[in-house]
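Let me begin by presenting the structure, written as structure tokens, before commenting on it.
Residue numbers (UniProt numbering): 1 to 181.
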């Protein structure tokens, strides 16, 4: 398996992987386009055109018999935490035929390492605490980070990185494209 930066030629494959991954998720975003794919697949395309897009943090996993088949994707984009740009993670997708092989974990660890290496202070996400706690994510409220929707509770999580300072706390807002879902 190889984790690398997404290339322009990966756009359609990333959409297909994301759609396949989220078709099996009970709480996926509803379709927003006539093709009926889950909203997360469309969101990735919107994020590429968003001012919060960070090309270095749109990563794909290659695997498969040829060694060059895109089987997973993760992206983090800049949102705002109080008055600072801060990373919001998601979607994270692994094609169902390749799940359970550590691909999602490899994508997550690579993204967190890259974010830390570039001086980002924190990464936030909306997801199952039982899944993301193994990557060091904790309920964001405990760090003084307020979610865009208080109903999210402990599902809104944060992972502090080396540059984190407690004074960075505040209300988080995802990249504007998330508001379109």
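By construction, the Cβ of each residue, glycine as well, lies at the ideal position given by its N, Cα and C atoms.
Keep in mind that this is a model prediction, so the values were computed, not measured.
Item: Bridge partners - residue 134, DSSP secondary structure assignment; Value: Residue 134 is not bridged to any residue.
Item: Simplified DSSP state of residue 101, which is helix, strand or coil; Value: coil
Item: Residue 14 beta carbon less than 9 Å from that of residue 73; Value: yes
Item: Exposure of residue 98, with buried meaning 16 or more beta-carbon neighbours within 10 Å; Value: buried
Item: DSSP three-state assignment for residue 142, whether helix, strand or coil; Value: helix
Item: Segment limits, alpha helix (DSSP H) that includes residue 29; Value: Neither: residue 29 is in no alpha helix (DSSP H) and is coded neither H nor E.
Item: Those residues which DSSP pairs with residue 85 across a bridge; Value: 80
Item: Residue burial classification, residue 118 (beta-carbon count within 10 angstroms, cutoff 16); Value: exposed
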